[in-house]
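Down below is the structure, laid out as structure tokens.
There are 2 protein chains.
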Amino acid sequence: MGLTKTEIFTEKQNKIALFAKVFGHPARVSILQHLFKIDTCVCGDLVNEIGLAQPTISQHLKELKQLGLIKGNVEGTSVCYCIHKENWAAMKIVMTEFLNQDLTQKQDCC
Amino acid sequence: MGLTKTEIFTEKQNKIALFAKVFGHPARVSILQHLFKIDTCVCGDLVNEIGLAQPTISQHLKELKQLGLIKGNVEGTSVCYCIHKENWAAMKIVMTEFLNQDLTQKQDCC
DNA sequence: TTTATATATCGTAATATTGCAATAAACAAA
DNA sequence: TTTGTTTATTGCAATATTACGATATATAAA
Chain A
57 MGLTKTEIFT EKQNKIALFA KVFGHPARVS ILQHLFKIDT CVCGDLVNEI GLAQPTISQH
117 LKELKQLGLI KGNVEGTSVC YCIHKENWAA MKIVMTEFLN QDLTQKQDCC
Chain B
57 MGLTKTEIFT EKQNKIALFA KVFGHPARVS ILQHLFKIDT CVCGDLVNEI GLAQPTISQH
117 LKELKQLGLI KGNVEGTSVC YCIHKENWAA MKIVMTEFLN QDLTQKQDCC
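Protein chains in written order, with my numbering: chain A, 57 to 166; chain B, 57 to 166.
Structure, rendered in structure tokens:
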């Protein structure tokens, strides 16, 4: 117990859940919003911008990177991060389809 | 440690994260998809539909209900569940705004 | 009242997540 | 080479999540 039974769900359901999970923490939401706002690659800054310790930010960045939503590039001693545009667009299609499910409910007993 | 520092993030960032978190499990994704597909309130069924034990489904339903995304109505011995249309629409606005952040990146060093 | 059916809650074990101090690694500058 | 700067990794404690058996609750049917 304690572990999600991914095998009983469809690939798409698991995909949606994985994307949603990574958005399920305000620090990662904040990181992504900052990367969008800055509108260019950002080296450093993120630790100062968000009020969490450097190892914590590094860990959140790793998760975003593992899902392919951001990419990083070593630039001297620092690493520049930015949104992975293509992957973000692909994710958006999956998530938007889920959110936009049609609701023309016939009966409403609730 | 082990607990999210919600106080250092904006209300909106926390809201996005909370919605995303509830979508971050394939069982809840599956439940919501089923409610949309059935297109009416459903009493029972969910336990048979998804391959998880009854207490587990009940727990997932509770989380969806707590966030206001579904509502339940007691109908004899069973409980009927359906999507909470208004709240789903409100959630959709928040999440879509997050997903649709503009990306006209000036530089792309990554 | 007794029995059957459906859902919720409790308790608990297994696993995952969050956060950070300490430390490592990688590179630039002196 | 030494020093400083930046990011990643390790290890660990605190907390959260997932799943389910056992049981409680509520109503319907016999």
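A virtual CB, placed ideally from N, CA and C, is assigned to each residue, including glycine.
Contact annotation: L125 (chain A) and N143 (chain A) have beta-carbon atoms nearer than 7 Å. Burial check for S114 (chain A): the Cβ neighbour count within 10 Å stays below 16, so the residue is exposed.
DSSP places N129 (chain A) within a strand segment (E or B) once states are collapsed to three. The residue from A:K68, A:L88 and A:A83 with its alpha-carbon nearest to that of F79 (chain B) is A:K68. Contact between the stretch 126 to 143 of chain A and the stretch 90 to 97 of chain A is established, with three or more Cβ pairs separated by less than 8 Å. The three-state secondary structure of I106 (chain B), taken from DSSP, is coil.
Residue range P82 to I94 is occupied by the alpha helix (DSSP H) that includes I87 (chain A), with no beta strand (DSSP E) assigned at that position.
DSSP links S134 (chain A) through a beta bridge to A:E131. Annotation for K71 (chain A): the continuous alpha helix (DSSP H) segment containing it runs E67 to V78. Taking the Cα positions, T152 (chain A) is about 7 Å away from T152 (chain B). Apart from sequence neighbours up to five positions away, the residues of its chain that approach L117 (chain B) with a beta-carbon distance below 8 Å are I87, L102, I126, G128 and Y137, ordered along the chain.
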